[in-house]
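From first to last, the protein sequence lines stand for chains A and B. Numbering of the first sequence is given in this note's numbering, commencing with residue 81 and proceeding in unit increments. Numbering of the second sequence is given in this note's numbering, commencing with residue 41 and proceeding in unit increments. For glycine and all other residues, C-beta sits at the position ideal for the given N, C-alpha and C. The structure presented is a predicted model; accordingly, all values stated were derived computationally and were not measured.
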Amino acid sequence: MISHIAIKPIIMKTLLRFFYLPFLLLTGVLLLSSFFGNKTSNLANAYKKAGLTDRQAALHLLNRFTFGPKPNDIEELLKIGTDKWFSQQLLAKFSDADLNSRLANYDAINLSNEEVNKIFPKNPQVLRMAIKDGFIDKDSVQTGDKKEYRNKLNAYMDSKGFRPTQELTRQFINQKILRAAYSENQLQEVLTDFWFNHFNVSLSKNDCAMYIPAYERDVIRPNVFGKFSNLLIATAKSPAMLFYLDNFSSVASNENEMAAMQKDAQNPKVKAALAKAQQNKNKRGLNENYAREVMELHTLGVDGGYTQSDVTQAARVLTGWTIYPMGTYGGGAAMLKQLDKLDASTLEKRGYVHDGDFLFVPNRHDKGDKVVLGKKFADGGYQEGVDLLNMLAHHPSTAKFICTKLAVRFVNDNPAQSIIDKMTKTFLAKDGDISAVLTTMVNAPEFWAKNSLDEKTKSPFELAISAVRALDANITQPYPLYTWINKMGQKVYYYQAPTGFPDKGQYWINTGALLNRMNFGLALAGQKISGVKINLAKLNNNHEPESTDAALRTYGKIILPERDLAHTIDRLTPFLNDPNLVQKVNQAASKNKPTSAMEQTDDEMMSGDSMVKTKPSAPLNKPTFANNEMLAQVVGVIIGAPEFQKR
Amino acid sequence: MTSRRGFLKAGGLAVFGIGLGGLPTFVTQAAAQIKQPGLFKRRKTLVCIFQRGAMDGLMAVTPFTDEYLKAARPTLFMSAAKSDTKKSLIDLDGKFGLHPSMSAFQSVFKDGRLGIVHGIGSPNNTRSHFDAQDYMESGTPFKKGTASGWLNRAVGLLGHDTATPFQGVSLTSSLPRSFYGDNPSVAISNLQDFNIQMRGNPSGANMAAKSFEDLYDQTTQGLLKDTGKDSFEAMNMLKKMDTKNYKPANNAQYPNTALGNSLKQIAQLIKMDVGLEVAFAESGGWDTHFNQGTDTGIFARNVNDLSESMVAFWNDMGTLQDDVTVMTMTEFGRTVKQNGTGGTDHGRASCNFILGNDVFGGKVHGKMNELAIENLEDGRDLAVTTDFRSVFSEVADKHLGINKDNILFPDWDGGHIGMMRG
Numbered sequence: 081m082i083s084h085i086a087i088k089p090i091i092m093k094t095l096l097r098f099f100y101l102p103f104l105l106l107t108g109v110l111l112l113s114s115f116f117g118n119k120t121s122n123l124a125n126a127y128k129k130a131g132l133t134d135r136q137a138a139l140h141l142l143n144r145f146t147f148g149p150k151p152n153d154i155e156e157l158l159k160i161g162t163d164k165w166f167s168q169q170l171l172a173k174f175s176d177a178d179l180n181s182r183l184a185n186y187d188a189i190n191l192s193n194e195e196v197n198k199i200f201p202k203n204p205q206v207l208r209m210a211i212k213d214g215f216i217d218k219d220s221v222q223t224g225d226k227k228e229y230r231n232k233l234n235a236y237m238d239s240k241g242f243r244p245t246q247e248l249t250r251q252f253i254n255q256k257i258l259r260a261a262y263s264e265n266q267l268q269e270v271l272t273d274f275w276f277n278h279f280n281v282s283l284s285k286n287d288c289a290m291y292i293p294a295y296e297r298d299v300i301r302p303n304v305f306g307k308f309s310n311l312l313i314a315t316a317k318s319p320a321m322l323f324y325l326d327n328f329s330s331v332a333s334n335e336n337e338m339a340a341m342q343k344d345a346q347n348p349k350v351k352a353a354l355a356k357a358q359q360n361k362n363k364r365g366l367n368e369n370y371a372r373e374v375m376e377l378h379t380l381g382v383d384g385g386y387t388q389s390d391v392t393q394a395a396r397v398l399t400g401w402t403i404y405p406m407g408t409y410g411g412g413a414a415m416l417k418q419l420d421k422l423d424a425s426t427l428e429k430r431g432y433v434h435d436g437d438f439l440f441v442p443n444r445h446d447k448g449d450k451v452v453l454g455k456k457f458a459d460g461g462y463q464e465g466v467d468l469l470n471m472l473a474h475h476p477s478t479a480k481f482i483c484t485k486l487a488v489r490f491v492n493d494n495p496a497q498s499i500i501d502k503m504t505k506t507f508l509a510k511d512g513d514i515s516a517v518l519t520t521m522v523n524a525p526e527f528w529a530k531n532s533l534d535e536k537t538k539s540p541f542e543l544a545i546s547a548v549r550a551l552d553a554n555i556t557q558p559y560p561l562y563t564w565i566n567k568m569g570q571k572v573y574y575y576q577a578p579t580g581f582p583d584k585g586q587y588w589i590n591t592g593a594l595l596n597r598m599n600f601g602l603a604l605a606g607q608k609i610s611g612v613k614i615n616l617a618k619l620n621n622n623h624e625p626e627s628t629d630a631a632l633r634t635y636g637k638i639i640l641p642e643r644d645l646a647h648t649i650d651r652l653t654p655f656l657n658d659p660n661l662v663q664k665v666n667q668a669a670s671k672n673k674p675t676s677a678m679e680q681t682d683d684e685m686m687s688g689d690s691m692v693k694t695k696p697s698a699p700l701n702k703p704t705f706a707n708n709e710m711l712a713q714v715v716g717v718i719i720g721a722p723e724f725q726k727r
Numbered sequence: 041m042t043s044r045r046g047f048l049k050a051g052g053l054a055v056f057g058i059g060l061g062g063l064p065t066f067v068t069q070a071a072a073q074i075k076q077p078g079l080f081k082r083r084k085t086l087v088c089i090f091q092r093g094a095m096d097g098l099m100a101v102t103p104f105t106d107e108y109l110k111a112a113r114p115t116l117f118m119s120a121a122k123s124d125t126k127k128s129l130i131d132l133d134g135k136f137g138l139h140p141s142m143s144a145f146q147s148v149f150k151d152g153r154l155g156i157v158h159g160i161g162s163p164n165n166t167r168s169h170f171d172a173q174d175y176m177e178s179g180t181p182f183k184k185g186t187a188s189g190w191l192n193r194a195v196g197l198l199g200h201d202t203a204t205p206f207q208g209v210s211l212t213s214s215l216p217r218s219f220y221g222d223n224p225s226v227a228i229s230n231l232q233d234f235n236i237q238m239r240g241n242p243s244g245a246n247m248a249a250k251s252f253e254d255l256y257d258q259t260t261q262g263l264l265k266d267t268g269k270d271s272f273e274a275m276n277m278l279k280k281m282d283t284k285n286y287k288p289a290n291n292a293q294y295p296n297t298a299l300g301n302s303l304k305q306i307a308q309l310i311k312m313d314v315g316l317e318v319a320f321a322e323s324g325g326w327d328t329h330f331n332q333g334t335d336t337g338i339f340a341r342n343v344n345d346l347s348e349s350m351v352a353f354w355n356d357m358g359t360l361q362d363d364v365t366v367m368t369m370t371e372f373g374r375t376v377k378q379n380g381t382g383g384t385d386h387g388r389a390s391c392n393f394i395l396g397n398d399v400f401g402g403k404v405h406g407k408m409n410e411l412a413i414e415n416l417e418d419g420r421d422l423a424v425t426t427d428f429r430s431v432f433s434e435v436a437d438k439h440l441g442i443n444k445d446n447i448l449f450p451d452w453d454g455g456h457i458g459m460m461r462g
C-alpha cells in the first residue's frame, strides 16, 4: 500500500506544471484547494478545449477507467468533479462494503499458496495418495465402475479434508466478475486486469494454476499503481510466473564443468563423473523461456534491442530463482527437509534468499561472468537477478513499450505517437511510476480527442460486465456469466500464450463471437442467465413506457447515455412495432416460461455458488406491465447493438 | 475490410447470372443444386485432430518384432500372432502392427489412403503436456512468446481473399492455440448454435435477428458492419441446410462421441461449400498413466473412437475425398517401459496418421531403431527421428499449396520426408 501514499504529491506536481510556480506561491494554499473545484479543473481545461461537454467527458472517464457506467454514474462523477474523481480512483481507498459482503462466502480466495497446496491437491496427486493409502485398488482405476470409483475418491478426499481444484478455480473466476461489477475502486480492477494480462499466466497450465489466485491478489493488485520495477520483480519471484515460464527449473548448465572434465577423461573417476554429468545434461540445465519473455513481452518489447546472446546470458543470471517447497508430497518434501535442517542465519550465510514463496538456491545459480545489454554480472548471487530486472524496468525501450500498451488500452487501438511520447517522458522521469504516467495521459489533449471517444471495442468480459452494470443487475451467481463470456470468445484466465489476450477490436469481432454478443444481450435482458437478476421497471423508476417506441427511447438513454441513438431508433421502430410480431412474441413467451437452469451446462456444483441454491422466482410470470416481453426484447437488442460493443 | 466483401458473391452468383441469360433451364437448375446454398468456390480442406494428453504411439502402432519392447512391457505388449483369448495386432508390414481396435483403418491403409509416421515429435524435449502442446500448436518449439498458432498462419498463407467466416474453423468451445492470431478463424462447438437464439421464442428470435441485421448494416463502424454482414450471411447459409437432420453419405457411421460429432460437423461444412479450408478438432483421454489396457480398456476405446471417426468422415466425403486430408497430432509419446500402475508415463516420440488421396499411404514412414536402451532418448523414450514440422509442412504444402515455411514454421529449415504424393 506504500505505493498509494506517494500518489498525491505526483498529482500536485503535475498541477504545478500547468500553473506557474511563482503565481502559486503568491496565492497560497486557498487557491490550491480550488484547483479541485470544477471551474479551474485541469481535466476540464483539457476536455473543454477538445470541445467536450461535462457529461461527455464524464462518460469518457467512466468508459476508460471503469468497467462501464452504472445508471446515474455520470451525474455522481460530475458531483464529485472530474479531477477529484480521477485522483480518488488512483488512490483506490473505497471500503467496498457491498463487494466484500458479496465475496464473504468465497473462502478459498484468501488462502495462501501453501494452504491452497494442502487443501486443493491436484487430481493425479490425490489418486496416487489414495492408492498408496490403500483406499483405492489401482486396478479399479478406469476399468471398474466409474461412479463407484468416483465415490470412493470423493470419500477419500473428504476424509483428508481435500477439496477439488475446480472449486478453487471457480471461486477465483467468480471473484473476478464480482470485483469488476461491484468494486468502487474500479480503476484498480481495470488495471489489475491490464497488468495480469501483461504478465499473463494461464489456468490451462496445471503446474501453475493453483498459484494464480494468490498471484492476482498479492502480486498484481497491490502493485498496479506503483513503480513498474516493483511489479516486474514481484512477478518474477511469484510461483505462478516461475512455473508458467519454467524458470523454477532453470539451473546452471554443467557444460563448462563437462568441458573441463573432458580434458582428464582418461582418469576412471573423472570418466564416471562425466558419464553422470552427461546423463543429467538433459534433465537439468538452463531454461531460457522466462529470460526471453521477460525481455520480449514484459519489458523491452520485441524490437527493444536485445539479442539471442542477451537472452541466454539473462537466463544464466536468473538461475537459482525458484519456489520455496510447499506441501508434504511431491518433489518439494525432500528439499524442505534439507532446508529445515538449516537455520535462517546459516541459509543466509550460504547465499540462500527466502522471501515468502520465493527461494533463491545458490548452488543452482551460474556463478560465471555474464553480460546482458552490455552490463556485466558476476558472482552476485540473488542480487544479480534483481539488478538485471531493475535495469530492464528502467530501460528506455521498456518505457516506450509499456506506455504504448497503456495508451492502446486507455486511449484507442492506434494511439498518436505524441501521447505515447509524453507518457514515456513521465515514465522515465518518475522512475516508472504508473500513476504518474496515467496522470500525464489523462491530461493530454489526445486523450480527449474525438477519435478516442467510443473507439475501443469491448472485450467479451468488458461487454458482459458493462451490461450488468448498465442494467444495475444483481449477480447472485457469477459463473453462468463466465460461460457466456467464454462463448463470446474470451476464456478469461485461460489464455495459453504469455502474450496475453490481444488488445484490439479486430481480435474480438469475429463472426461467431458477434452473434453470441447479440444472443448475450437477449439472454441477459430476458432474464435467461441464471444468477443474474435485473429489474427493468426499476431502472426507469417504475414508470411503464407507453409504447415500444417510448421504451426504446427511454432505455436507450439509460443504457447508452450521451450517444446519438436517432439512427438506431429509426431503424428499430418498424420492427418492434409490427403488431403481428409483437403478438407472436408475447404468445410464445407466455407459453415458455423461463427456467433457472438455462445455459448452465456445467454440472459440477461448486460451493462458491452454493449459497444460491434457491431458484429465481420467475419474474416474467408476473406481468408488471403488458409489454414486459417487448421491453426485454428492446433492451436485449440495445445491448447487442453495435453502439454497445464500443466504449 | 471492404475489399474483402467484394469477393463474397463472386463465386456462386455468377453462375446464376449467366444461367438466366442463355443457358437451358436444366443447366441452371443443376447449377443451383450444386451451388446452393454455398456461395464459395470449393477448395481443399485440411482437417487436424489434436490428441490431447500424449498418445502412446508404441501401442497404437507397435513394432511387434522388437524384443526390447516386449521385455519393457510385460502386461501391455500385444502380439500379432493369432490368439484365441485376446485380439491380436493387425500386421501392417511384418514389422508394425496396428492396435486391434483400429481395424477401421485396415482397409484405408491397404488402399494406400492412410499413411503413418512413426518416431514423430518435437525437437524440444519437454515432457510437460502444456509446454509440448503449446510448442506444437504455435509451431515454434523453442519459443513461448509466438503470438500466433501455425494453423492461423496457414489460413493467412492460403492467400484467398474471401469473406467466408468459415475459412478456419475449430470445433471447440474456445479457440485453440493453433488458431491464435490475426487471420479470421472461429470456434464453434455446435453448428446449431450459430444463430440468434431466444429459448422457446422463435418469433422473438426472428424479430431480434432482423433488428440486429439492420442495425449492423447501418452502423458507421466499419469492422462491426462487415463482420455483422458476414455473420448474418453465414447464419442464413447454415439455416438453409438442415444441420439438425444431417444424413451422412454412403451410410457412414460416426461414433456418438465428441470427436465423431466434430468430424460430422466438419463434413457438413465442407459439403455446404462455405469456404472451409482449415478445420480443427480435439480428442482427449490419452494421458494413460493408469491401466491403459491392451485389446480392451481405456486406450482401446480411444483408438477405436479415433479410427472409426476418421473413417466415417472419409466415407461420408465420398466423391469429395480428393479435397480433404485428415491429420492427427499429439504432443509427445510415452515411455517404452510400462510403469507401476499398468500405464505409461510421459515420453518423447509418438506416431501420427494422415488420411487422404494425396497421402503416400499404406506405409509406415519415419525411422525407428530397435528399442535397446542405448537407442532411446535419455535412456527411456522412443527417440524423435522426424520433426513434427517436417510432416505438418509437407501436408500443408502438398494438400493446401502452402510452401512458405519461413512463415509457417519460422526458425525451421528442415526438409520433407516424402509421405505425400506430388
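- The three-state secondary structure of G720 (chain A), taken from DSSP, is helix.
- S128 (chain B) and E410 (chain B) have their C-alpha atoms spaced approximately 21 Å apart.
- In terms of Cα proximity to M521 (chain A), the closest of A:F279, A:H623, A:R144 is A:R144.
- Taking L309 (chain B) as the centre and dropping the five residues before and after it, the same chain places the C-beta of F206, V209, L316 closer than 7 Å to its C-beta, in chain order.
- Going by beta carbons, A352 (chain A) and F252 (chain A) fall outside the 9 Å limit.
- The three-state secondary structure of A126 (chain A), taken from DSSP, is helix.
- Proximity of N590 (chain A) to chain B, defined by a Cβ-Cβ separation below 9 Å, is satisfied.
- Secondary structure of S323 (chain B) (DSSP, three-state): strand.
- Excluding the 5 residues flanking it on each side, C88 (chain B) has same chain C-beta neighbours closer than 6 Å at F320, M367, in chain order.
- Residues of the stretch 161-186 of chain B with a C-beta atom less than 9 Å from some C-beta of chain A are N165, T166, S168, H169, F170, D171, Q173, D174, E177, S178, F182, K183, K184, G185, T186, listed in chain order.
- The CB of K250 (chain B) comes closer than 8 Å to the CB of F655 in chain A, given here in chain order.
- Taking P450 (chain B) as reference, the option from B:Y256, B:A187, B:V424, B:S147 with the minimal CA-CA separation is B:A187.
- The DSSP assignment places no complete beta strand (DSSP E) segment of no fewer than 3 residues inside the stretch 489-556 of chain A.
- F117 (chain B) sits in coil when the DSSP states are folded into three classes, being neither helix nor strand.
- Using a CB distance below 9 Å, the part of the stretch 223-240 of chain B facing chain A consists of P224, S225, V226, A227, I228, S229, D233, F234, N235, I236, Q237, M238, R239, G240, ordered along the chain.
- For S284 (chain A), the closest Cβ of chain B is nearer than 9 Å.
- Residue B:S143 holds the alpha-carbon nearest to the alpha-carbon of A352 (chain B) among B:M176, B:T105, B:G419, B:S143.
- For G159 (chain B), no alpha helix (DSSP H) segment is defined; the enclosing uninterrupted segment is the beta strand (DSSP E) at 154-161.
- Secondary-structure assignment with DSSP links C88 (chain B) through a beta bridge to B:F320, B:M367.
- The beta carbons of G406 (chain B) and G159 (chain B) sit closer together than 9 Å.
- Look at the beta carbons and you see the stretch 561-576 of chain A touching the stretch 537-547 of chain A: at least three pairs across the two are nearer than 8 Å.
- Rounded to whole angstroms, the gap between the alpha carbons of P288 (chain B) and M312 (chain B) is 13 Å.
- Residues of chain A with a Cβ closer than 7 Å to the Cβ of Y220 (chain B) are, in chain order, A577.
- By the 16-neighbour rule on beta-carbons within 10 angstroms, V382 (chain A) is exposed.
- The C-beta of N291 (chain B) has fewer than 16 other C-beta atoms within 10 Å across all chains shown, which makes the residue exposed.
- The DSSP-derived three-state label of P295 (chain B) is coil.
- Burial is judged here by how many other beta carbons sit within 10 angstroms of a residue's own beta carbon; S498 (chain A) has fewer than 16 and is exposed.
- DSSP links C288 (chain A) through a beta bridge to no other residue.
- The continuous stretches of alpha helix (DSSP H) do not include V451 (chain A), which lies in the beta strand (DSSP E) extending over residues 450-452.
- T102 (chain B) and T365 (chain B) have their C-alpha atoms spaced approximately 24 Å apart.
- For the set B:H139, B:L109, B:M176, the Cα lying nearest the Cα of G333 (chain B) is the one of B:H139.
- Beta-bridge analysis with DSSP links T102 (chain B) to B:G137.
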